[in-house]
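K.L.:
Using my numbering, the first residue of the sequence shown is number 6, and each one after it goes up by one.
For each residue, glycine too, the CB sits at the ideal point set by N, CA and C.
If you're wondering where the values come from, they're calculated on a predicted model, not measured in any experiment.
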Amino acid sequence: SSSLVHSLTYHYPHTSTLITSISIMALRIAATKSFRTVGASRAAFSTASTLDRMHTQESYDAVLKKFAEIRACAVLRTATSEACPKAMQAAIDGGFKICEFTLTTPNCLDHVADFRKRYDGDVMIGCGTILTIEDAEKAIDAGSEFIITPVMLPDVIEWCAARNIVSVPGCQTPTELVNAYRHGAPLQKLFPGVAGGPMWIKAVSSALPFLSINPTSGVDLDNAGEFLLHGAASVGLVAPLFDPVAIANGDFEQIAKNAEKCMGNVRPVGPYVRK
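1. Short check: CB of A141 to CB of V156, under 7 Å?
2. Hey, how far is the Cα of G100 from the Cα of V224?
3. Contact defined as beta carbons within less than 8 Å: I believe A92 pairs with F257. What is the distance between those atoms, to the nearest angstrom?
4. Can K207 and H235 be called in contact, C-beta distance under 7 Å?
5. Give me whichever residues DSSP pairs with N254 in a beta bridge.
6. Judging by CA-CA distance, which residue of V278, Y277, R58, K262 is the nearest neighbour of A166?
7. By alpha-carbon positions, which one of A253, I152, L213 ends up nearest to L284?
8. Assign L108 to buried or exposed, taking buried as 16 or more other Cβ atoms, counted over all protein chains shown, within 10 Å of its Cβ.
9. Suppose the cutoff is 6 Å on Cβ atoms and the five residues either side in sequence are ignored; what does the same chain contact list for G202 look like?
10. Whose C-beta lies closer than 8 Å to the C-beta of V43 among residues of the same chain, with five residues either side of it excluded?
11. Where does I135 fall in DSSP's three states?
12. Taking the DSSP output, what are the residues bridged to L195?
13. Quick one: residues in its chain with C-beta nearer than 8 Å to the C-beta of P214, no 5 flanking neighbours on either side, listed in chain order?
14. Determine the DSSP secondary structure at V278, reduced to helix, strand or coil.
15. Can you check whether the CB of F106 is closer than 7 Å to the CB of C132?
16. When burial is assigned at 16 or more other CB atoms within 10 Å of the CB, is E74 buried or exposed?
17. Please go through the same chain and pick out, in chain order, the residues whose beta-carbon is closer than 6 Å to the beta-carbon of P197, but skip the five residues on each side of it.
18. Determine the direct distance from the alpha carbon of S239 to that of A185, and round the result to whole angstroms.
19. In the DSSP assignment, find the beta strand (DSSP E) that holds F106 and state where it starts and stops.
20. Considering Cα atoms alone, identify which of P220, G148, L216 is closest to V199.
21. Alpha carbon to alpha carbon, what distance is there between L136 and N270?
22. Expressed to the nearest angstrom, what Euclidean distance is found between the alpha-carbon atoms of S211 and E63?
23. Closer than 8 Å by C-beta to P90: which residues in its own chain qualify, once you throw out the five before and the five after it? Chain order, please.
24. Cα-Cα, which of D227, C176, A190 is closest to V209?
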């Protein structure tokens, strides 16, 4: 005890150096045992835990690499199931290599499965408007390579993070963006749009450089590149790409032209440097 050490040092001053050395050695031994215990516990947990729908680190990195290279995602919601594959095919024909089908589209998961089978390894397919872990499970089972949520849902983010699945949660404020990042989201979706657009992105990404922000509202065919130049990691294109009037009229050639114009503004910016 400290009182014993004090007493011995007072009566036998020459023993102070020895006592100090012994104390330090004891602390080192205790610390070593502590680290070994923690290491053993982590090893036991990783060995015992077998999560369903587990992805590899390689597949996780491949999804992030694709986002960093392509930097634009076609986000589709249609009123009918029939229009959905035609509209998304037009976007792909126009140059999009990342596609998101939203659960608000009839038969969404069927379209996810079909396009994943058709384009696996070329076009990356994801699912959006995920609101629950059950939604995420169904999307992954259908073949979705990433998960998009309209709002910041910690349980869904953590479920994905534990399984090496990339999630991109919707956030409105810098606080939500940071919280999404802390829960395990490698990309953070800015939704809905904010006043200031690209300049808002510049201000927030400068102050919080560890974030990788993906705005999907307020982005159009002309300013997509501007968002990227001001710090956005990637962008999502919704109505400006998938013009509702064109879809209603069956004018899918117009969708392809919109895609060509958008990607023409995105490609010159170059790849994103992952953080």
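P.N.:
Reading off the structure:
1. No, these two residues do not count as a Cβ contact at 7 Å.
2. Distance from the CA of G100 to the CA of V224, rounded to the nearest whole angstrom, comes to 17 Å.
3. About 6 Å separates the beta carbons of A92 and F257, which is inside the 8 Å limit, making them a contact pair.
4. Less than 7 Å divides the Cβ of K207 from the Cβ of H235.
5. Looking at the DSSP assignment, N254 forms no beta bridge with any residue, so it has no partner.
6. For the residues V278, Y277, R58, K262, the minimum Cα distance to A166 belongs to R58.
7. It is not possible to answer for residue 284, since the shown part of the chain is limited to 6 through 280.
8. Buried is the call here.
9. So the list reads G223, once near-sequence residues are dropped.
10. Confidence in V43 is poor, its pLDDT being 29 and thus under 50, which makes the residue's placement too unreliable to answer from.
11. Look at I135 here: in three-state DSSP terms it is coil, with no helix or strand label.
12. According to DSSP, L195 bridges with C176, P220.
13. Closer than 8 Å at Cβ, skipping near neighbours: K280.
14. In the structure shown, V278 sits in coil (DSSP, three-state: anything other than H, G, I, E or B).
15. The answer is yes: Cβ separation under 7 Å.
16. E74 comes out exposed.
17. Here the set comprises S222.
18. Spanning the alpha carbons of A185 and S239 requires a straight line of approximately 16 Å.
19. In the DSSP assignment, F106 falls within the unbroken beta strand (DSSP E) covering 103 to 107.
20. Of the candidates P220, G148, L216, the residue whose Cα lies closest to the Cα of V199 is P220.
21. Rounded to whole angstroms, N270 to L136 spans 32 Å at the Cα level.
22. In a straight line, the C-alpha of S211 is about 29 Å away from that of E63.
23. The residues are H116, D119, F120.
24. The residue with the shortest Cα to Cα distance from V209 is C176.
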